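Visitor: I'd like to ask some things about the structure below.
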Amino acid sequence: MAGFDAEPADFLEFANACSGRLFRTAWLLCGDWHLAEDLVQTTLGKLYRAWKRVSRADSPEAYARTVLTRTYLSHRRRLSSTEQPYADLPEGSGPEEDQALRLTLLKSLSELPPKDRAVLVLRYWEDLSVEQTARQMGVSEGAVRSRSMRALEKLRSVLGSESGWLSAA
Amino acid sequence: MGSHEKELAAAMRASASGLVPPAGLVSGGIARGRRMKLVRRFQVGVSTAAVLAVAGTTLLVVSERTDGGPGQVSGPASPTAQLLTSPIPQAVPKPRPTLSAPPQMTPLLPPLLLHLLMPLLPETLPPTRITGSDNTDKSTAGIHSVGASVSLVLEDSLGPSLLSMSVQQSAVVAEVAGCPHPEGTTKAKCMDYGMSDGSRVVERQDWVYPAAPDTPENRADGKAGTSGRGPQEWSVQVVRRDGVVITVNEVASREEKGEIGRPTPLLSMDRLRSIALAPIWPVWVRAEANSTAASTPPNINYQSPTRRDDYNVPPSTAVPSQTPSGNARSENGAGSTP
Numbered sequence: 001m002a003g004f005d006a007e008p009a010d011f012l013e014f015a016n017a018c019s020g021r022l023f024r025t026a027w028l029l030c031g032d033w034h035l036a037e038d039l040v041q042t043t044l045g046k047l048y049r050a051w052k053r054v055s056r057a058d059s060p061e062a063y064a065r066t067v068l069t070r071t072y073l074s075h076r077r078r079l080s081s082t083e084q085p086y087a088d089l090p091e092g093s094g095p096e097e098d099q100a101l102r103l104t105l106l107k108s109l110s111e112l113p114p115k116d117r118a119v120l121v122l123r124y125w126e127d128l129s130v131e132q133t134a135r136q137m138g139v140s141e142g143a144v145r146s147r148s149m150r151a152l153e154k155l156r157s158v159l160g161s162e163s164g165w166l167s168a169a
Numbered sequence: 001m002g003s004h005e006k007e008l009a010a011a012m013r014a015s016a017s018g019l020v021p022p023a024g025l026v027s028g029g030i031a032r033g034r035r036m037k038l039v040r041r042f043q044v045g046v047s048t049a050a051v052l053a054v055a056g057t058t059l060l061v062v063s064e065r066t067d068g069g070p071g072q073v074s075g076p077a078s079p080t081a082q083l084l085t086s087p088i089p090q091a092v093p094k095p096r097p098t099l100s101a102p103p104q105m106t107p108l109l110p111p112l113l114l115h116l117l118m119p120l121l122p123e124t125l126p127p128t129r130i131t132g133s134d135n136t137d138k139s140t141a142g143i144h145s146v147g148a149s150v151s152l153v154l155e156d157s158l159g160p161s162l163l164s165m166s167v168q169q170s171a172v173v174a175e176v177a178g179c180p181h182p183e184g185t186t187k188a189k190c191m192d193y194g195m196s197d198g199s200r201v202v203e204r205q206d207w208v209y210p211a212a213p214d215t216p217e218n219r220a221d222g223k224a225g226t227s228g229r230g231p232q233e234w235s236v237q238v239v240r241r242d243g244v245v246i247t248v249n250e251v252a253s254r255e256e257k258g259e260i261g262r263p264t265p266l267l268s269m270d271r272l273r274s275i276a277l278a279p280i281w282p283v284w285v286r287a288e289a290n291s292t293a294a295s296t297p298p299n300i301n302y303q304s305p306t307r308r309d310d311y312n313v314p315p316s317t318a319v320p321s322q323t324p325s326g327n328a329r330s331e332n333g334a335g336s337t338p
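From first to last, the protein sequence lines stand for chains A and Z.
Quick note on my numbering: the first sequence kicks off at 1 and runs consecutively.
Quick note on my numbering: the second sequence kicks off at 1 and runs consecutively.
Shown next, in the form of structure tokens:
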């Protein structure tokens, strides 16, 4: 009988285990808490819908990451406006060091085109190889290399001497 | 990896590793997955009807899966396809509590809910984009929860507003989400109070992306500020003593998480409250009432996780397109923002 019977136990286990990591990746991709939540829930929804097939994949985690990345890129394509999800700190507020770093990172990442940003997040947050990144994004390895170089160069120019990281060589 | 790349990787780890993900990611994901399955099944049903109409003699059988979800078809139905999904053996599910249906009564369905709601809406604003969902959760063990929901768009000269309403009763009484503990000041409003008849009411005036206190952490996490973000979202939820939960929700947009359609939702909080507290919301009704509503305009196109013949009601029909009058006055006066 159709209906909302108990969820597959292995899906729940998988989703509980990987949702935190997916959320952090989504947050780095989009720089927005609520959109990251949306992206992860959409990703989990897609995995839930196809769980029988996904659970037989070699790496459901990699599959989930691919779905998340493509959901993000698809979302960005649909956006008509270019909302800036980060906010400047008001004068006088004294954020902690890591919070300041978050803002600087988000602000600099937001200057990048979505695909360039995705390349950086997959390469340097998920620690994927060029080949893996290319497979996840559905692009060539050459495209990953060129996007990566261009994105790093852009970050250096955006940050200038503001930050200790990625300062101009 | 060069030094700059290492710095970037370290910055990403330092920024993101400490984030505490919001609660409800998994349950929200499952809810979306269920909706996707329902929509898919609905689309397959529509395709099937079209195919049958053209081919005439083609049989397309989409059997239901036995793993707890509706059947899935991996591609569009072909005119000559005959798709049979064999039952898959499964472990014995845990027993789930069930509701007892009153004699001769059946669960409320969206058409009747719509017909009960219509007289409470402004007469001058014909609703458009009417959709619904039969939320009754049923298995071979019985009915675990019963209810229906409808949503529609009301529009006046200021813009569209999406109104959603649901009536639900579950065998397992879920804890009602009251107002959040205040961790700081925002421009959102929330009231949680009891009625003399024992009902509990939660009223919210917030934004689709909820307002968050202005703290360094919330700013760094990219949360919406004290004024929220997106269209305003107002709601009234009533939990009656008999366990029936009535939720009326309104978004100042044409669609969920859509563009801002107007400054504030069209119906006032007073109107939402009066709808939610109206003593007319059943979850069990006579089958004839469902049938009559389903055959009386305005019609509603709705999805159901259960087979239609279970409840012996006519199939739903498409929603006729209607044009809003566009010159009625909003109920919201100035200063009604949360």
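Glycine residues also receive a C-beta, built at the ideal position from the N, C-alpha and C atoms.
All values derive from a computational prediction rather than experimental measurement.
Quick check: the Cα distance between Glu-288(Z) and Gln-104(Z), rounded to an integer number of angstroms?
Guide: Counting from one through the second sequence, the residue named residue 288(Z) turns up at place 288. Counting from one through the second sequence, the residue named residue 104(Z) turns up at place 104. One C-alpha to the other measures close to 10 Å.
Visitor: Label Ala-57(A) either buried or exposed according to how many other C-beta atoms from any shown protein chain fall within 10 Å of its C-beta, with 16 as the threshold for buried.
Guide: Taking the first residue of the first sequence as 1, we reach residue 57(A) at position 57. Exposed, by the Cβ-count rule.
Visitor: Mind the definition here: the stretch 260–267 of chain Z touches the stretch 225–239 of chain Z only if three or more C-beta pairs lie below 8 Å; say whether that holds.
Guide: As far as the Cβ criterion goes, the stretch 260–267 of chain Z touches the stretch 225–239 of chain Z, which means the pair count is three or higher.
Visitor: Please determine, among Cys-190(Z), Leu-8(Z) and Pro-282(Z), the residue with the shortest C-alpha to C-alpha distance to Asp-127(A).
Guide: Reading the first sequence from its first residue, position 127 is the one you call residue 127(A). Ranking Cys-190(Z), Leu-8(Z) and Pro-282(Z) by Cα distance to Asp-127(A) puts Leu-8(Z) first.
Visitor: Are the beta-carbon atoms of Lys-46(A) and Thr-25(A) separated by less than 9 Å?
Guide: Residue 46(A) sits at position 46 when you count from the first residue of the first sequence. Residue 25(A) sits at position 25 when you count from the first residue of the first sequence. In this structure, Thr-25(A) does not lie closer than 9 Å to Lys-46(A) by Cβ.
Visitor: Considering only C-alpha positions, which residue in the set Arg-145(A), Gln-41(A) and Leu-28(A) is nearest to Ser-129(A)?
Guide: Residue numbering aside, residue 129(A) sits at position 129 when the first sequence is read from its first letter. Selected option, being the one with the closest Cα: Arg-145(A).
Visitor: Could you check the C-alpha separation between Arg-271(Z) and Glu-250(Z) for me, to the nearest Å?
Guide: For the purposes of this step, residue 271(Z) is taken as the residue at position 271 of the second sequence. For the purposes of this step, residue 250(Z) is taken as the residue at position 250 of the second sequence. Roughly 11 Å between the two C-alpha positions.
Visitor: Can you have a look at Arg-65(A) and say buried or exposed, based on whether 16 or more other CB atoms are within 10 angstroms of its CB?
Guide: The residue labelled residue 65(A) in the question sits at position 65 within the first sequence. Counting Cβ neighbours within 10 Å, Arg-65(A) comes out buried, since at least 16 surround it.
Visitor: I'd like the list of long-range same chain contacts for Ile-246(Z), defined as Cβ closer than 6 Å, with 5 residues on each side in sequence excluded.
Guide: Residue 246(Z) sits at position 246 when you count from the first residue of the second sequence. Cβ within range, chain order: Val-167, Val-238, Ala-276 and Trp-281.
Visitor: With the cut-off set at 9 Å, would you say Ile-143(Z) and Pro-298(Z) are in Cβ contact?
Guide: As a working note, residue 143(Z) is residue 143 in the second sequence. As a working note, residue 298(Z) is residue 298 in the second sequence. In this structure, Pro-298(Z) does not lie closer than 9 Å to Ile-143(Z) by Cβ.
Visitor: Taking contact to mean 3 or more Cβ pairs, one atom from each stretch, closer than 8 Å, check whether the stretch 9–26 of chain Z and the stretch 27–39 of chain A are in contact.
Guide: In short, these stretches touch, since the Cβ pair count reaches three.
Visitor: Counting contacts by CB-CB distance shorter than 9 Å, is Gln-41(A) in contact with chain Z?
Guide: The count along the first sequence starts at 1 and reaches residue 41(A) at position 41. With 9 Å as the cut-off, Gln-41(A) counts as an interface residue toward chain Z.
Visitor: Would Pro-315(Z) pass as an interface residue toward chain A - the criterion being a Cβ-Cβ separation below 9 Å?
Guide: In the second sequence, residue 315(Z) corresponds to position 315, counting from 1. Reliability of the predicted coordinates at Pro-315(Z) is poor, the pLDDT of 39 falling under 50, and the value obtained from them is presented with this limitation in mind. Not an interface residue.
Visitor: Classify Met-191(Z) as buried or exposed, calling it buried when 16 or more other Cβ atoms lie within 10 Å of its own Cβ.
Guide: Looking up residue 191(Z) in the second sequence gives position 191. Result: exposed.
Visitor: Measuring only the C-alpha atoms, how far is Thr-106(Z) from Thr-136(Z)?
Guide: Looking up residue 106(Z) in the second sequence gives position 106. Looking up residue 136(Z) in the second sequence gives position 136. One C-alpha to the other measures close to 10 Å.
Visitor: So, at 6 Å on beta carbons, what are the nonlocal neighbours of Trp-33(A) in its own chain, with the 5 sequence-adjacent residues on each side left out?
Guide: Locating residue 33(A) in the first sequence gives position 33, counting from the first residue. Excluding positions up to five away in sequence, the list is empty.
Visitor: What does the Cβ neighbour count give for Asp-116(A), buried or exposed, with the cut at 16 atoms within 10 Å?
Guide: Residue numbering aside, residue 116(A) sits at position 116 when the first sequence is read from its first letter. Classification for Asp-116(A): buried.
Visitor: Assuming the contact rule is C-beta atoms closer than 8 Å, Gly-29(Z) and Gln-132(A) should be a hit. Round their C-beta distance to whole Å, please.
Guide: In the second sequence, residue 29(Z) corresponds to position 29, counting from 1. In the first sequence, residue 132(A) corresponds to position 132, counting from 1. That belief does not hold up - the Cβ atoms of Gly-29(Z) and Gln-132(A) are roughly 24 Å apart, past 8 Å.
Visitor: Using a Cβ-Cβ cut-off of less than 7 Å, list which residues of the stretch 19–31 of chain A approach chain Z; keep chain order.
Guide: From the stretch 19–31 of chain A, only Ser-19, Gly-20, Phe-23, Arg-24, Trp-27, Leu-28 and Gly-31 have a Cβ closer than 7 Å to chain Z.
Visitor: Shorter than 9 Å from the beta carbon of Ile-260(Z) to some beta carbon of chain A?
Guide: Along the second sequence, one-based indexing puts residue 260(Z) at 260. Not one chain A Cβ lies under 9 Å of Ile-260(Z).
Visitor: Using C-beta distances below 8 Å, list every residue in its chain close to Trp-284(Z), excluding the 5 sequence neighbours before and after it, in chain order.
Guide: One-based indexing of the second sequence puts residue 284(Z) at position 284. Excluding positions up to five away in sequence, the list reads Ala-101, Pro-102, Met-105, Thr-106, Pro-107, Leu-108 and Val-146.
Visitor: Report yes if the CB atom of Arg-156(A) is closer than 9 Å to the CB atom of His-4(Z), and no otherwise.
Guide: One-based indexing of the first sequence puts residue 156(A) at position 156. One-based indexing of the second sequence puts residue 4(Z) at position 4. Going by C-beta atoms, Arg-156(A) is nearer than 9 Å to His-4(Z).
Visitor: Go to Arg-229(Z), then tell me how far its beta strand (DSSP E) extends in each direction, as first and last residue.
Guide: Position 229 of the second sequence, counted from the first residue, corresponds to residue 229(Z). Arg-229(Z) -> beta strand (DSSP E) spans 229–239.
Visitor: I'd like to confirm the pairing. Which residues does DSSP put opposite Glu-203(Z) in its beta bridges?
Guide: Counted from its first residue, the second sequence places residue 203(Z) at position 203. The partner list for Glu-203(Z) (beta bridge, DSSP) reads Met-191(Z) and Val-236(Z).
Visitor: Among Leu-112(Z), Lys-138(Z), Ser-157(Z) and Thr-98(Z), whose alpha-carbon lies nearest the alpha-carbon of Thr-124(Z)?
Guide: For this step, residue 124(Z) is matched to residue 124 along the second sequence. For Thr-124(Z), the nearest C-alpha among the options comes from Ser-157(Z).
Visitor: Is it true that the CB of Arg-34(Z) sits closer than 9 Å to the CB of Tyr-48(A)?
Guide: Here the question's residue 48(A) lines up with position 48 in the first sequence. Here the question's residue 34(Z) lines up with position 34 in the second sequence. Yes.
Visitor: Ser-157(Z) by DSSP, collapsed to three states: which one?
Guide: Here the question's residue 157(Z) lines up with position 157 in the second sequence. Coil.
Visitor: If Thr-69(A) and Ala-143(A) are in contact, beta carbons under 8 Å, what's the gap, nearest whole angstrom?
Guide: For this step, residue 69(A) is matched to residue 69 along the first sequence. For this step, residue 143(A) is matched to residue 143 along the first sequence. With 8 Å as the limit, Thr-69(A) and Ala-143(A) do not qualify as a contact, their Cβ atoms being about 14 Å apart.
Visitor: How is Pro-265(Z) classed by DSSP in three states: helix, strand or coil?
Guide: If you number the second sequence from 1, residue 265(Z) lands on position 265. Looking at Pro-265(Z) - three-state DSSP - the assignment turns out to be coil, as it is neither helix nor strand.
Visitor: Assuming Pro-127(Z) and Leu-162(Z) make a contact with CB atoms under 8 Å, what is their CB distance in whole Å?
Guide: Along the second sequence, read from residue 1 onward, the residue named residue 127(Z) stands at position 127. Along the second sequence, read from residue 1 onward, the residue named residue 162(Z) stands at position 162. With 8 Å as the limit, Pro-127(Z) and Leu-162(Z) do not qualify as a contact, their Cβ atoms being about 10 Å apart.
Visitor: In chain order, what residues of the stretch 9–36 of chain Z put their CB closer than 8 Å to some CB of chain A?
Guide: Result list: Ala-9, Ala-10, Ala-11, Met-12, Arg-13, Ala-14, Ser-15, Ala-16, Ser-17, Gly-18, Leu-19, Pro-21, Pro-22, Leu-25, Val-26, Gly-28, Gly-29, Ile-30, Ala-31, Arg-32, Gly-33, Arg-34, Arg-35 and Met-36.
Visitor: Where does Gly-147(Z) fall in DSSP's three states?
Guide: Residue 147(Z) sits at position 147 when you count from the first residue of the second sequence. In this structure, Gly-147(Z) counts as strand in the three-state DSSP scheme.
Visitor: Using CA coordinates, which residue listed in Ala-293(Z), Leu-152(Z) and Ala-11(Z) is at the minimum distance from Arg-254(Z)?
Guide: Numbered from 1 along the second sequence, position 254 holds the residue referred to as residue 254(Z). It is Leu-152(Z) whose Cα lies nearest to the Cα of Arg-254(Z).
Visitor: Skipping 5 residues on each side, what residues in its chain have a beta carbon closer than 7 Å to that of Asp-206(Z)?
Guide: Start at 1 with the first residue of the second sequence, and residue 206(Z) comes out as number 206. The residues are Ala-188, Gly-228, Glu-233 and Pro-338.
Visitor: Return the first residue and the last residue of the beta strand (DSSP E) that Arg-129(Z) is part of.
Guide: In the second sequence, the residue the question calls residue 129(Z) occupies position 129. Start and end: 128–134.
Visitor: Could you spell out the range, first to last residue, of the alpha helix (DSSP H) harbouring Asn-16(A)?
Guide: The residue labelled residue 16(A) in the question sits at position 16 within the first sequence. Element bounds for Asn-16(A): 9–30.
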